[in-house]
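Residue numbers (the working numbering): 511 to 820.
Just so you know, even glycine gets a beta-carbon here, dropped at the ideal spot from N, CA and C.
Owing to the predicted nature of the structure, the values given are computational and were not obtained by experimental measurement.
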């Protein structure tokens with residue numbers, strides 16, 4: 511679903527698709543200059559028929575971009591999302607390309623597979639680097655020839671599928687290591703989108719924080735507090751290794767533990783909120799080898815005093 515907020519489009523998942531167990535990002539805004547450039551490039555690619563490769567860290571919102579590309583295209587078929595890491599290596603061929611009736615014991619009927627289900631629409635393959643090499647070769651052939659051969663079938667079936675793939679790794683390095691098919695990589699790279707990590711688009715942080723605050727306040731039937739200036743500074747300083755998904759969790763927690771009409775730094779449960787620089791906090795956390803609890807406590811106290819003098 512695409513909404514307008516803070517003067518910029520907001521991309522979100524429909525409520526029916528929100529899973530509490532999911533680690534994916536559930537919202538994406540285009541406020542930061544880097545995000546605006548990304549949006550422009552995305553809108554240029556969307557009407558075209560070429561495949562698209564989205565690269566970005568986990569939790570940045572790659573599937574949201576893919577869904578927007580599908581909606582902004584003229585394709586009338588379904589958007590089919592597949593996590594390549596969850597595909598069974600044994601049955602990957604059948605899962606992706608389908609199988610004919612009687613191909614497997616107990617399979618009286620046939621199945622179109624993920625490729626067939628996306629016929630006329632868009633197939634989204636998340637973490638495409640996890641696909642086995644033999645399947646990568648078949649995938650490339652299906653894309654180039656616009657047809658698939660189901661397991662156990664005698665003849666290929668025509669398909670019209672647009673592929674949008676995503677990866678959190680550098681596939682060029684995987685190609686160099688012999689772990690990813692070079693021709694498939696070049697095929698995908700014709701349409702390439704780089705989704706920056708949240709720490710690289712700080713202009714989006716407060717807009718996303720306010721969105722999540724509004725969503726959870728409504729869901730929990732609570733008044734919507736303001737985010738204090740001090741808390742805003744903490745949010746913008748944090749490095750967000752978990753990206754948008756981490757930000758969502760931090761705001762949810764802050765809403766539950768805050769007692770007034772403002773979110774304060776101490777409600778955020780972040781290293782920066784304690785006044786201890788994040789790099790010191792990480793150092794303290796990593797000195798466990800050879801350090802007793804008393805030694806760690808003493809060192810943390812020293813670092814706190816040093817931080818106050820910075």
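Quiz prompt | DSSP three-state assignment for residue 702, whether helix, strand or coil | solution = In the structure shown, residue 702 sits in a strand (DSSP, three-state: E or B).
Self-check item: Residue interval of the beta strand (DSSP E) (run including residue 636)
Solution: Note, residue 636: beta strand (DSSP E), 632-636.
Practice problem: List the endpoints of the continuous alpha helix (DSSP H) containing residue 549. | Solution: Counted as a single uninterrupted DSSP element, the alpha helix (DSSP H) harbouring residue 549 occupies residues 543-555.
Practice problem: Please report the Cβ distance between residue 624 and residue 592, rounded to the nearest whole angstrom; I am assuming they are in contact, meaning their Cβ atoms lie under 8 Å. | Solution: The beta-carbon separation of residue 624 and residue 592, rounded to 5 Å, stays under the 8 Å limit for a contact.
Exercise. Give a yes or no on contact between the region 701-708 and the region 581-596, applying the rule of three or more CB pairs nearer than 8 Å.
Key: These segments do not touch.
Quiz item: Is it buried or exposed for residue 770, if we count other Cβ within 10 angstroms and need 16 for buried?
Solution: Counting Cβ neighbours within 10 Å, residue 770 comes out exposed, since fewer than 16 surround it.
Exercise. Count the C-beta pairs between the region 541-548 and the region 709-722 that are closer than 8 Å, then say yes if the count reaches three, no if not.
Key: The region 541-548, when compared against the region 709-722, does touch it at the 8 Å Cβ threshold.
Quiz item: Under three-state DSSP, which class holds residue 791?
Solution: With a pLDDT of only 46 at residue 791, under the threshold of 50, the placement of this residue in the model should not be trusted; the figure read from the coordinates follows. Reduced to three states, the DSSP call for residue 791 is helix.
Quiz item: Name the DSSP bridge partner or partners of residue 754?
Solution: BP columns for residue 754 are empty, so no partner.
Exercise. Pull up the distance between the alpha-carbon of residue 522 and that of residue 718, whole angstroms please.
Key: Straight-line Cα distance between these residues: approximately 11 Å.
Self-check item: Presumed contact (8 Å Cβ cut-off) between residue 666 and residue 602, rounded CB distance
Solution: The beta-carbon separation of residue 666 and residue 602, rounded to 18 Å, does not stay under the 8 Å limit for a contact.
Quiz prompt | Secondary structure of residue 845, DSSP reduced to three states | solution = Outside the displayed range of the chain (511 to 820) lies residue 845, so it cannot be described from this structure.
Self-check item: Length of the line joining the Cα atoms of residue 579 and residue 573
Solution: Straight-line Cα distance between these residues: approximately 10 Å.
Quiz prompt | Residue closest to residue 652, alpha-carbon to alpha-carbon, out of 626, 595, 782 and 662 | solution = Comparing Cα-Cα distances from residue 652 to each of 626, 595, 782 and 662, the minimum goes to 626.
Practice problem: Under 6 Å Cβ to Cβ from residue 762, same chain only, skipping five residues before and after it: list those, please. | Solution: For residue 762, the CB contacts under 6 Å within the same chain, skipping 5 residues up- and downstream, are 726 in chain order.
Quiz item: With 16 other CB atoms within 10 Å as the buried threshold, where does residue 670 fall?
Solution: Flag for residue 670 reads exposed.
Quiz prompt | residue 554 versus 583, 678, 768 and 680, residue with shortest Cα-Cα distance | solution = Residue 583 holds the alpha-carbon nearest to the alpha-carbon of residue 554 among 583, 678, 768 and 680.
Quiz prompt | Rounded separation between residue 741 and residue 777 - CA only | solution = The alpha-carbon atoms of residue 741 and residue 777 are separated by roughly 8 Å.
Practice problem: Starting from the C-beta of residue 610, find all residues in its chain whose C-beta is less than 6 Å away, skip the five residues before and the five after it, and write them out in chain order. | Solution: Cβ within range, chain order: 620, 660, 662 and 663.
Quiz item: Does the distance from the CB of residue 678 to the CB of residue 567 come in under 8 Å?
Solution: In contact: residue 678 and residue 567 (Cβ atoms closer than 8 Å).
Quiz item: Tell me, which residues are paired with residue 677 by DSSP?
Solution: Beta-bridge annotation (DSSP): residue 677 is paired with 565.
Self-check item: Same chain, Cβ closer than 6 Å to residue 606, neighbours up to 5 away in sequence not counted
Solution: 623, 624 and 625.
Quiz item: Where residue 639 and residue 746 are concerned, what is the direct C-alpha to C-alpha distance, given to the nearest angstrom?
Solution: Using only the alpha carbons, I get a separation of about 32 Å.
Quiz item: residue 732 to residue 753, Cα distance in whole Å?
Solution: Rounded to whole angstroms, residue 732 to residue 753 spans 25 Å at the Cα level.
Quiz item: Is residue 712 helix, strand or coil by DSSP?
Solution: In the structure shown, residue 712 adopts helical secondary structure according to DSSP, grouped into three states.
Quiz item: If you run the structure through DSSP and keep just helix, strand and coil, what is residue 725?
Solution: For residue 725, the secondary structure class from DSSP, reduced to helix, strand or coil, is helix.
Quiz item: In its own chain, which residues sit with a C-beta less than 8 Å from the C-beta of residue 796, not counting the 5 before and 5 after it?
Solution: Here residue 796 scores only 46 on pLDDT, less than 50, and its place in the model is too uncertain to base an answer on.
Practice problem: May I ask you to list the residues that DSSP assigns as paired with residue 743? | Solution: Per DSSP, none; premise fails for residue 743.
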